[in-house]
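Shown next, in structure tokens, is the structure this report addresses.
Number of protein chains: 2
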Amino acid sequence: MTRKLHLNAFLMGVGHHEAAWRHPRTEPARLTDVRHYQELARIAERGKLDSVFLADGVALHGNVRHNALGGLEPLTLLSALAAVTDHIGLIATVSTTYNEPFHVARKFASLDHISGGRAGWNIVTSAGEAEARNFGLERPAHADRYARATEFLEVTRKLWDSWEDDAIVGDRVGGHYADTGKIHAIEHAGEHFAVRGPLNTARSPQGHPLLVQAGSSEAGKEFAARHAEAVFTAQQTLAEGQEFYADLKRRLAAHGRRADELLVLPGISPIIGSTEREALRLEKELEDLIIPAYGLAQLSTMTGIELTEDALDRPLPDVSVETEGAQSRRKLVVDLARREGLTVRQLLGRLAGGRGHRVVAGTPEQIADQLQEWFLNEAADGFNIMPPILPGGLSDFVDYVVPELQVRGLFRYEYEARTLRGNYGLERPASRYAAPREVAVAR
Amino acid sequence: MTRKLHLNAFLMGVGHHEAAWRHPRTEPARLTDVRHYQELARIAERGKLDSVFLADGVALHGNVRHNALGGLEPLTLLSALAAVTDHIGLIATVSTTYNEPFHVARKFASLDHISGGRAGWNIVTSAGEAEARNFGLERPAHADRYARATEFLEVTRKLWDSWEDDAIVGDRVGGHYADTGKIHAIEHAGEHFAVRGPLNTARSPQGHPLLVQAGSSEAGKEFAARHAEAVFTAQQTLAEGQEFYADLKRRLAAHGRRADELLVLPGISPIIGSTEREALRLEKELEDLIIPAYGLAQLSTMTGIELTEDALDRPLPDVSVETEGAQSRRKLVVDLARREGLTVRQLLGRLAGGRGHRVVAGTPEQIADQLQEWFLNEAADGFNIMPPILPGGLSDFVDYVVPELQVRGLFRYEYEARTLRGNYGLERPASRYAAPREVAVAR
Ligand SMILES: Cc1cc2nc3c(=O)[nH]c(=O)nc-3n(C[C@H](O)[C@H](O)[C@H](O)COP(=O)(O)O)c2cc1C
Ligand SMILES: Cc1cc2nc3c(=O)[nH]c(=O)nc-3n(C[C@H](O)[C@H](O)[C@H](O)COP(=O)(O)O)c2cc1C
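So the protein lines, in turn, are chains E and A. If you're matching positions, the first sequence starts at 11 in the numbering used here and goes up one per residue. If you're matching positions, the second sequence starts at 11 in the numbering used here and goes up one per residue.
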């Protein structure tokens, strides 16, 4: 089987561009309308994309005066999308810093049942300070967040394994519903969590949801190399992408994992036009709608320095790289400004489209060229597609870029499987509590 | 407007009878199949019922060897039901003892958006000890659980109010999305919680989900009288039902509330036959499928005394009434056994159908008589309908009992509203942060 691209539709309100809500091709009133997201999921499924992906935070991030914020919670939303789709994967972001593993394990098991095996979990550690304040806490240190994440994931995995695959007997006549020898208390007792188990939801179609990781700090990469099956990342240049890709794949071996057990999926925001001029016009339209005050506030949070309008036409001030927030994103932004000698205003323009993710404007062929280049040159196993405006940017991608990728033999014409793991080409994990089976020998 | 019944379909796996999974009219393999629940929701909506209601606990309760346990998580499930229905309310049980108010407020706001204003929250305090063990905790004392519940609800209400109704401006040309003067940090700092807010989901169609309470201890009733808009309760006799009803309605005044601001909804499990004989035969079929070991274990947990098979044909041993568990349910069970002089085996038979809720076998007319009697004699404003088997018991209720109630003028022919509050006849709460409006005076 030849290697194929994996593509997720990264959904964000009415588009990833921070001025999307002001563009005539969007309807910001649909931000809390489930039909908007159902339409997006159906478009993505029409394009045979692997999944729809929802980011999340547990605080109101950014200045809502100037952007369409305040949308829906991912897990409840994805259930409603499961109900109107059949094949597409459903990946929700849930933080390990402000949650309990029992609840998280159960909700993903439930979503996996509801979707027939299409659930995925983007495991994040919540870099923002505002989030801690909604839970009566101070934001834990970066290392502590990842330590908690590691134990958190261990507990959820045990819970998903707590019902073996064949635990349910279903003998109605004999009155024997389940084999309690195959439903296990997990008796987890660790530094952060003490959880007895078992889970009170039976083992789900995928066994475990697909496990995704999205932090690119040293701790984040180590976590990904040990545990994740896909990594979402922001990489600006091919060289950076290749370095990140090689780094992650190299780390896998140390944990006894094969290179194909982890997919590296950078984000990309494609600004699509039927001609290059049309694409550049759309890019310019969006740029003209940017409100500098909004981006300045975002950039201040990201870099940890207070930036005002006075700073706009000067270079980015010095920024320390050590931080307890999102380490990799801060580094990316500072590197970008330095490398290209950008003023703050120019930097804001570059960040407005994808918050640090790569933005590419062009024709469907040009977009396909970019994806192909990264894919064939070991910078990506696929991509998180971040349409600048929604639904238009997604339907343009599905209608014009996907066929181009299919013709080039880079992308599927039909889903290979009904589960997200199946379409990602990943195995279904066995329960750790199951007795090893005798291997049948073919004679 | 004449007073009308309110009816919820209390959904539980393949039926409320503990032997439902063994009955030929059920399919226990559908326990984790979303289509089973979607079918149930559609049946209930066809019958114009007010809502579907899902109970929940965060531990595997009961002996799964002998019962079909391990189903889906309510909030994820209800989102998937919202997607295939238009009018029916969606009430999920969520505990205040092992959750964080920010998450709970957000998920209900999200469900309320997704369903177009049909979300309800059954607020419980988790009486079981096993639940605490899944969160590294000892079960808090009864009074402490209710104290936490009170503050928890206060925080969620503030969060739901944190976006005023008219906070979203949506001025695309001017670049003004929301009026930040109408989105409020809640700055809650109490004994159990410190939450800054605002919520990161905009105010939902109902403002707050419908608030339901389901504990009938002294603390539970006080909580309900202060905060709840509906009370689910288990009452065995008309006299008990009347006493409970009068008690609750009386308490409302002390909190400045009108009697019609809280609906009292006892549970009832109707065993329906086209003749009385047929109903009794179904009851007997289910009784014959009971596994005493299962009920014994349940009763042991409920009463706090270890009961073995030896105890079956003797009266229930002495049970102390003070407990840190579910106070009102223990009292109900002990009273029932004493009042009717039941042996343990007989008591198990009585509990198998409805776990302490009233079970009534009969023709549609006889069932309607029972509902009418309680409704007209101030024992109920409506009922939680607990079909012994599902989906059959629910479709029988909808197809035969509902028309009988409609003909008698006791139940709606059409939904009055699109929201759950609307159908319950309850007001939409205003945001506490909104400036008082000038009242327009009609001239
Ligand atoms: C594509 C992508 C999506 C992300 N989505 C989220 C998100 O939804 N919520 C969140 O808290 N962090 C999100 N992150 C951030 C990281 O997961 C991580 O929490 C943060 O960057 C800190 O980790 P680091 O220091 O290892 O980079 C995302 C990152 C990437 C690359
Ligand atoms: C109809 C009904 C449904 C209930 N559903 C739940 C439930 O789903 N989960 C739960 O933990 N408790 C449930 N309860 C129990 C109570 O809400 C409460 O937690 C328990 O009875 C202890 O409160 P009490 O001591 O005030 O009775 C239910 C009670 C009734 C009457």
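Glycine included, C-beta positions come from ideal geometry on N, C-alpha and C. Quick caveat: nothing in here was measured; it's all calculated off a predicted structure.
Taking 7 Å as the cut-off, is the beta-carbon of residue i closer than that to any non-hydrogen atom of ligand 2?
i: Asn77(A); result: no
i: Thr103(A); result: yes
i: Thr190(A); result: no
i: Asn394(A); result: yes
i: Asn132(A); result: yes
Taking residue i as the query, report the chain E residues whose CB atoms sit under 8 Å from its CB, ordered along the chain.
i: Thr42(A); result: His123, Thr211, Ala212 and Ser214
i: His26(A); result: Chain E residues near His26(A): none, gap ~16 Å exceeds 8 Å.
i: Trp173(A); result: Gly80
i: Pro208(A); result: Leu70
i: Thr429(A); result: In chain order: nothing, as chain E lies at least about 15 Å away.
In chain E, what lies closer than 7 Å to residue i by C-beta?
i: Phe112(A); result: Val68, Asn144 and Phe145
i: Glu83(A); result: Arg116, Lys117, Ser120 and Thr211
i: Gly359(A); result: Those do not exist, as Gly359(A) stays about 16 Å from chain E at its closest Cβ, beyond 7 Å.
i: Ile193(A); result: Val74
i: Gly180(A); result: Pro38 and Ala39
Where do the N-terminal and C-terminal ends of the alpha helix (DSSP H) with residue i fall, by residue?
i: Arg287(A); result: Glu286 to Asp298
i: Val417(A); result: Val412 to Val417
i: Gly372(A); result: No alpha helix (DSSP H) holds Gly372(A); the beta strand (DSSP E) holding it covers Arg368 to Gly372.
i: Ser89(E); result: Pro84 to Ala92
i: Leu404(E); result: Gly402 to Asp406
Output the boundary residues of the beta strand (DSSP E) element that contains residue i.
i: Asp181(A); result: Ile178 to Asp181
i: Tyr425(E); result: Note, Tyr425(E): premise wrong, no beta strand (DSSP E); not H, not E.
i: Ala19(A); result: His16 to Leu21
i: Tyr304(A); result: Careful: Tyr304(A) lies outside any beta strand (DSSP E), inside the alpha helix (DSSP H) at Pro302 to Thr313.
i: Phe393(E); result: Gly392 to Ile395
i: Ala54(A); result: It is not in any beta strand (DSSP E) - Ala54(A) instead sits in the alpha helix (DSSP H) that spans Val44 to Arg56.
Pull the bridge partners of residue i from the DSSP assignment, please.
i: Gly99(A); result: Ser61(A)
i: His186(E); result: Asp181(E)
i: Val486(A); result: As displayed, chain A neither begins before 11 nor continues past 453, which places residue 486(A) out of reach and without an answer.
i: Ile193(A); result: Trp173(A)
i: His33(E); result: Bridge partners of His33(E): none, in fact.
i: Ile281(A); result: Ala371(A)
i: Val74(A); result: Its beta-bridge partners do not exist; DSSP assigns none.
i: His113(E); result: BP columns for His113(E) are empty, so no partner.
i: His198(A); result: Val205(A)
What I want to know is whether the C-beta of residue i ends up closer than 7 Å to one or more non-hydrogen atoms of ligand 1.
i: Thr135(E); result: yes
i: Gln337(E); result: yes
i: Asn144(E); result: no
i: Gly402(E); result: no
i: Asp257(E); result: no
i: Phe242(E); result: yes
i: Ser226(E); result: yes
Residues of chain A with a CB under 7 Å from the CB of residue i: which are they?
i: Arg75(E); result: His186, Tyr187, Ala188 and Thr190
i: Arg32(E); result: Arg182 and Gly185
Starting from the beta carbon of residue i, find every residue of chain E whose beta carbon is closer than 9 Å, and list them in chain order.
i: Tyr108(A); result: Glu110, Phe112 and His113
i: Phe203(A); result: Phe145 and Gly146
Could you work out which residues of chain A lie near residue i, taking near to mean beta carbons separated by less than 9 Å?
i: Ala93(E); result: Val44, Gln48, Ser89, Ala90, Leu91, Ala92, Ala93 and Val94
i: Thr373(E); result: Simply none; closest approach about 28 Å.
Could one say the Cβ of residue i lies closer than 8 Å to chain C's Cβ atoms, at least one of them?
i: Gly138(E); result: Given the protein chain composition of this structure (E and A), no chain C is represented.
Residue i versus chain A: which residues are under 8 Å apart at the beta carbon?
i: Ile301(E); result: Gly185
i: Thr311(E); result: Correct list: empty, because the minimum Cβ distance to chain A is about 15 Å.
- Message: So within the stretch 117-154 of chain A, which uninterrupted alpha helix (DSSP H) runs reach at least 4 residues, ignoring any that extend past its ends?
- Response: 139-143
- Sequence ranges, alpha helix (DSSP H) only - wholly within the stretch 207-276 of chain A, length at least 4: 228-237 and 248-264
- Task: Ignoring anything shorter than 4 residues or poking outside the stretch 340-365 of chain A, list the alpha helix (DSSP H) runs there in chain order.
- Result: 354-362
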